[in-house]
Amino acid sequence: MESQEHQFVTDPEEQLVVFTLGEESYGVDIEVVNTIIRLPDITHVPQTPAFVEGVINLRGAIVPVIDLRRRFELPVTDATKSTRVVVVEQQGMLVGMIVDAVTETLRLPAENIEPLSALVVSIDTQYLRGVGKLGDRLIILLSLDRILTIEEQGILQTMGAAAGSKEAVPA
Amino acid sequence: MTTNEMYQAQDNELLSIFLDEAREQIDTLDQGFVRLEREPDNSELVQGIFRAAHTLKGSAGAMGFRGIADLTHAMEDVLDRVRNNTLVVNAGIADALLRGLDTLRGLEQGVEEGRGDADDGTAATVANHLRALARGEVVTAVVDAAPTAKPLDALPDDHTALLVQFNADCQMPGIRTFMITRAVEKLGSILEMQPAQEEIDEGKIGQRLLLIIQTDREEDTLRIAVQNVPEVEWVRLGRGAAAAGMRLDMPSREKAADESLEPETPVHAATKTSAVQVQQTVRVNVDTLDRIMNLVGELVLDRTRVAQLKDELSQEHPEDEEFLRDLDVVTHHLGSIVDDLHEQVLQTRMLPVSQLFNRFPRLIRDLSHNLHKEVDFVIEGENEQLDRSVIEKLIDPLTHILRNAMDHGMETPADRLAKGKPQQGTVKLLARREESHVLIQIQDDGPGINADRLKEKAVAAGLLTAEQASAMSNQEAYGLIFSSGLSTAKAVSDVSGRGVGMDVVKRNVESIGGVIVVESELEFGTTISLKIPLTLAILRALIVRIGKVIMAIPLSHIEEALDVPYEAIRTVHGRGLLTWRGTVIPVVRLSEALHGCGESAQGKELHVIVMRYERRIAGVVVDQIINHQEIVVKSLGTYLGDIPGLAGATILGNGRVALILDVAKLFDGGYLQEGAAVGVGHAAATV
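So the sequences go chain by chain: A and B. First residue of the first sequence: 1, per the numbering used here; consecutive thereafter. First residue of the second sequence: 172, per the numbering used here; consecutive thereafter.
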């Protein structure tokens, strides 16, 4: 078995898909990435939390898409030419994540990965599992199962009815 | 495939044929026993039951399932006495037979699950009890044990098995056998015969004969030779591998298969080839059917998409006349083929509702015993057809409703007499096709539903305020039987009365797009009607836009789509009201009923869609009506889970995703009640 993404890294090397949100670079294990697409027409879904952007038609399957900026409570920006949807597969379900740009895939030796404690990053650390250093670059490693946790799904089911939070957010 | 694998595959095939037949026979017995109790003198019925038991015994024995065979044998002993009029069917005997049948089902289940028909002692006890009953009076009539029937293995290619059935009234099967062997010997050499010649000489021959011959002659030649012998009813041939599974006591296909197909060649009609008979039915895995259905669903969408592209193309390039004309022809042809295909695939998934209804006579019979009620159970329209998946989803709801009808919906015989009603009540279960729906009704002639008592209970349970209750019509009050935690049964019994169940019934019926309506009249009875769509997979919907949301509203719930001026909607106590066809109906903006649709248009004219759910009517305001099309219902997936107000999603002809409005939730979820009126306030948060 290859490394499970949520375990703390024990493999000698990880292969990552690297994308950006604002100034920072983030990495997810290439194993969980199903596909990367340009921003398609997204159908907005009411009764869901603000970070759920909607659903898309991915080769005949209906796939939910979340806005990672909203998920991480970063400032929301307009889509650009480089905006991409990284579709990941988690526990058999596909979920798309909107990111500013996908920059590269790279191999990261395990010894270059450090825990979070010594670092300052602009997003909630519960979504992260470490930081990779490559030369003078820092790549924040995402903990997908945290981003898409069961508790979050619970929120998805109840929040829409309770708060109706979307109206407050500029479209 | 190795030879071993081949045998293994054949064994599995045989086993699944056996199981199919066993289930069918057990069902026949089940319905038969229940009827027998009421019609103990119906000799035709007894014969039918006896035949089913006998066949089951034979095939179980042949497959080596001794447990099933022994138990069936014991039942057969009892039935034989009944058949000979030396034993009268009473409740005790019917009970014993039914208990035997339940045990039998357990054994059959074991075989199905790969555990075999091993017995924990129950079957032996039940069988002994049955045998004791059979011995109870006069002498035991020993059933002439049928000669052992072993199914054949595959034969070499130049071997052919011949199974011959003599007429039921054939007086001289021994002589006919002799004639057949003589005729066949002219065409090839006989290798094996069942029953064996010695057994035949002892008179041990029934109405069947199985021959294995080595011959290079055409199958039809053999067939005609045998059929020319008098008193031969039919003959079945199996050459080489096709002989596998044939056995002396295999059931006649006439009964099992579709009657119109006539898999057996009747005498003097020997023109069909045997190949045709084999190909007439094919057993298909249900998963395969489901996959085909999904693919056809996609095809239906693509057809719409292609038609749209064609329209776009003809607008952008009207000069390419010839090309467009060709494209038009192709698109039309494609469309009609896809429609045909769709219809045919739907047809393959259809089953008669008898598959559903046949399980209930037993339920009613047991309930009437347990509850000491006398009920005539009537079934009508069992030949109507429904999608397989729909039938599966209706088992539980109908069971619940019938339990309720027997428990709450039926008085004891004494009560009935005291009211001047016939002592025996009637419960009717009927199915009727109505356009694209099947109507299933459960009618009883019991005491009816007391709406006032129901309201009192609901108020006591805190489901309603006293004011709400008094404002409620009887019709609305009947709907309360579907609220959880409400039961009007005087005492909690093990049949019903715990107040759970009917809410589940409603949910189940609605989950398959059905509608459930209760009608009742005090002292005259209750009718529960289920309007069930023929199929689940594809529905017609109106596509609308609300803010940023594209939504599909099932046409089955839509009464009318109309444009009204803003002023036509009055706001009373925060509720939007519109006069529609002479009645006042509530109207809400869908963008306010559902959170987060985005900015909604505020024009002078409003697009109102009038929807009906059960007996309630309401309007919703949308920003734009796009078109209507056929949609394939898809799930929103586990990540989003169930979203209140949405029943799923679909992919439109243009490739975009549309959400499907959950009309039931909209009406029942409190969205229409208050605070969600046009231009006012906040949407209701009730979920």
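Note that CB positions come from ideal geometry on N, CA and C, so glycine has one too. These numbers were taken from a predicted model, which means no experiment stands behind them.
- Item | Identity of the residues DSSP links to B:Y784 by a beta bridge | Working through the second sequence from its first residue, we reach residue 784 of chain B at position 613. The partner list for B:Y784 (beta bridge, DSSP) reads B:R787.
- Relative to the C-alpha of B:G468, which residue among B:T821, B:D290 and B:L830 is closest? For the purposes of this step, residue 468 of chain B is taken as the residue at position 297 of the second sequence. It is B:T821 whose Cα lies nearest to the Cα of B:G468.
- Could you check the C-alpha separation between B:Q196 and B:V793 for me, to the nearest Å? Along the second sequence, one-based indexing puts residue 196 of chain B at 25. Along the second sequence, one-based indexing puts residue 793 of chain B at 622. The straight-line gap from Cα to Cα measures roughly 56 angstroms.
- Message: What residue range does the beta strand (DSSP E) around A:V32 cover?
- Response: Position 32 of the first sequence, counting from 1, holds the residue named residue 32 of chain A. Segment: none, A:V32 is in no beta strand (DSSP E) and carries neither H nor E.
- Message: Measuring alpha carbon to alpha carbon, tell me which residue in B:I264, B:H225 and B:A240 is nearest B:E208.
- Response: What you label residue 208 of chain B is simply residue 37 of the second sequence in a count that begins at 1. By alpha-carbon distance to B:E208, the top candidate from B:I264, B:H225 and B:A240 is B:I264.
- Message: Pull the bridge partners of B:E483 from the DSSP assignment, please.
- Response: What you label residue 483 of chain B is simply residue 312 of the second sequence in a count that begins at 1. For B:E483, which the question treats as bridged, DSSP gives no partner whatsoever.
- Task: Grab the span of the alpha helix (DSSP H) containing B:Q331 for me, first residue to last.
- Result: Numbered from 1 along the second sequence, position 160 holds the residue referred to as residue 331 of chain B. A quick correction: the sequence has Thr, not Gln, at residue 331 of chain B. Per DSSP, B:T331 belongs to no alpha helix (DSSP H); it is in the beta strand (DSSP E), H330 to F337.
- Going by DSSP, what residues sit across from B:T754 in a beta bridge? Here residue 754 of chain B corresponds to residue number 583 of the second sequence, with the count starting at 1. Secondary-structure assignment with DSSP links B:T754 through a beta bridge to B:W751.
- Query: Ordered along the chain, which non-local residues of its own chain (more than five positions away) have a Cβ less than 7 angstroms from that of B:K228?
  - Reply: Translated into the one-based positions of the second sequence, residue 228 of chain B becomes position 57. In the same chain as B:K228, and ignoring 5 residues on each side of it, the C-beta atoms closer than 7 angstroms to its own belong to A240, T243, H244 and E247, in chain order.
- Check whether the Cβ atoms of B:I371 and B:T392 sit closer than 8 angstroms, and answer yes or no. Within the second sequence, numbered from 1, the residue matching residue 371 of chain B stands at position 200. Within the second sequence, numbered from 1, the residue matching residue 392 of chain B stands at position 221. Their beta carbons are not under 8 angstroms apart, which means B:I371 does not touch B:T392 by this criterion.
- Could you have a look at B:N399 and say whether DSSP puts it in helix, strand or coil? Translated into positions along the second sequence, residue 399 of chain B becomes position 228. Coil.
- Query: What does B:S360 pair with, by DSSP beta-bridge criteria?
  - Reply: Taking the second sequence and counting its residues from 1, the one referred to as residue 360 of chain B is at position 189. According to DSSP, B:S360 bridges with B:Q385.
- Inter-residue Cα distance where the pair is B:L505 and B:G824: If you number the second sequence from 1, residue 505 of chain B lands on position 334. If you number the second sequence from 1, residue 824 of chain B lands on position 653. Their backbone Cα atoms lie some 15 angstroms apart in a straight line.
- Query: Is it the case that the Cβ atoms of B:Q365 and B:L419 are separated by a distance below 8 angstroms?
  - Reply: Sequence index remark: in the second sequence, residue 365 of chain B carries index 194 (1-based). Sequence index remark: in the second sequence, residue 419 of chain B carries index 248 (1-based). Contact: yes.
- Task: Compute the Euclidean distance between the alpha carbons of B:L200 and B:H225, then round it to the nearest angstrom.
- Result: If you number the second sequence from 1, residue 200 of chain B lands on position 29. If you number the second sequence from 1, residue 225 of chain B lands on position 54. Between the C-alpha atoms of B:L200 and B:H225 there is a straight-line separation of about 11 angstroms.
- Query: Whose Cβ in chain B lies nearer than 7 angstroms to the Cβ of A:I56?
  - Reply: In the first sequence, the residue the question calls residue 56 of chain A occupies position 56. Going along chain B in sequence order, the residues near A:I56 (Cβ under 7 angstroms) are V828.
- Query: With B:F221 and B:D251 assumed to form a contact (beta carbons below 8 angstroms), what rounded beta-carbon distance in angstroms separates them?
  - Reply: For the purposes of this step, residue 221 of chain B is taken as residue 50 along the second sequence, with counting starting at 1. For the purposes of this step, residue 251 of chain B is taken as residue 80 along the second sequence, with counting starting at 1. B:F221 to B:D251, Cβ: 7 angstroms. Contact.
- Looking at the structure shown, is A:E14 part of a helix, part of a strand, or coil, going by DSSP? Within the first sequence, the letter at position 14 stands for residue 14 of chain A. Of the three classes helix, strand and coil, the one that applies to A:E14 here is strand, per DSSP.
- Determine whether the Cβ of A:T48 lies closer than 8 angstroms to any Cβ atom of chain B. As a working note, residue 48 of chain A is residue 48 in the first sequence. By this cut-off, A:T48 is an interface position.
- Message: Quick check: the Cα distance between B:V253 and B:A712, rounded to an integer number of angstroms?
- Response: For the purposes of this step, residue 253 of chain B is taken as residue 82 along the second sequence, with counting starting at 1. For the purposes of this step, residue 712 of chain B is taken as residue 541 along the second sequence, with counting starting at 1. Per the coordinates, the alpha-carbon of B:V253 lies some 58 angstroms from the alpha-carbon of B:A712.
- Message: Out of B:V630, B:G377 and B:F653, which one is the CA nearest neighbour of B:A642?
- Response: Position 471 of the second sequence, counted from the first residue, corresponds to residue 642 of chain B. Comparing alpha-carbon positions, the option among B:V630, B:G377 and B:F653 lying closest to B:A642 turns out to be B:V630.
- Touching or not, the segment 677-684 of chain B and the segment 597-604 of chain B, by the rule of three or more beta carbon pairs under 8 angstroms? Contact fails: fewer than three Cβ-Cβ distances are below 8 angstroms.
- Query: Can you find a C-beta in chain A that's less than 8 angstroms from the C-beta of B:P366?
  - Reply: Indexing the second sequence from 1 puts residue 366 of chain B at position 195. Chain A, which has no Cβ nearer than 8 angstroms to the Cβ of B:P366, makes this no.
- Item | Cross-chain neighbours of A:V95 in chain B, by beta carbon under 8 angstroms | Your numbering for residue 95 of chain A matches position 95 in the first sequence. Y810, listed in chain order.
- For B:T519, the three-state DSSP class (helix, strand or coil): Residue numbering aside, residue 519 of chain B sits at position 348 when the second sequence is read from its first letter. Of the three classes helix, strand and coil, the one that applies to B:T519 here is helix, per DSSP.
- Taking the C-alpha atoms as reference points, what is the distance between B:I699 and B:F531? On the second sequence, residue 699 of chain B is found 528 positions in, with the first residue counted as 1. On the second sequence, residue 531 of chain B is found 360 positions in, with the first residue counted as 1. When only Cα atoms are considered, B:I699 and B:F531 end up about 16 angstroms apart.
- Residue from B:E363, B:E356, B:R394 and B:G345 with nearest C-alpha to B:E373: Taking the second sequence and counting its residues from 1, the one referred to as residue 373 of chain B is at position 202. Closest in C-alpha terms to B:E373, from the list B:E363, B:E356, B:R394 and B:G345, comes B:G345.
- Query: Mind checking B:R379: buried by the 16 CB within 10 Å criterion, or exposed?
  - Reply: Numbered from its first residue, the second sequence carries residue 379 of chain B at position 208. By the 10 Å Cβ count, B:R379 comes out buried.
- Item | Cβ of B:E469 within 8 angstroms of any chain A Cβ | For the purposes of this step, residue 469 of chain B is taken as the residue at position 298 of the second sequence. Chain A contact via Cβ: present.
- Task: Anything in chain A within Cβ reach of B:A576, meaning under 8 angstroms, just list it in chain order.
- Result: In the second sequence, counting from the first residue as 1, residue 576 of chain B sits at position 405. Here the premise fails: no neighbours, minimum Cβ distance about 36 angstroms.
- Interface partners of B:V720 on chain A, CB under 8 angstroms: Sequence index remark: in the second sequence, residue 720 of chain B carries index 549 (1-based). Under the 8 angstroms cutoff, chain A gives T43, H44, V45 and P46.
- Classify B:M643 as helix, strand or coil using the three-state DSSP reduction. The count along the second sequence starts at 1 and reaches residue 643 of chain B at position 472. DSSP, read as helix, strand or coil, puts B:M643 in coil.
- Query: Which residues does DSSP pair with B:L380 in a beta bridge?
  - Reply: Within the second sequence, residue 380 of chain B is the residue found at index 209, counting from 1. Paired residue(s): B:V335.
- Item | Closer than 7 angstroms at the beta carbon, the chain B residues around A:P64 | For the purposes of this step, residue 64 of chain A is taken as the residue at position 64 of the first sequence. Those within 7 angstroms of A:P64 in chain B are G808, Y810 and L811.
- Between B:R867 and B:V297, what straight-line distance do the alpha-carbon atoms span, to the nearest angstrom? For residue 867 of chain B there is no data in the structure shown, the boundaries of chain B being 172 and 858.
- My understanding is that A:V131 touches A:L138, with C-beta atoms under 8 angstroms, so please give their C-beta distance in whole angstroms. If you number the first sequence from 1, residue 131 of chain A lands on position 131. If you number the first sequence from 1, residue 138 of chain A lands on position 138. So it is a contact: roughly 6 angstroms between Cβ atoms.
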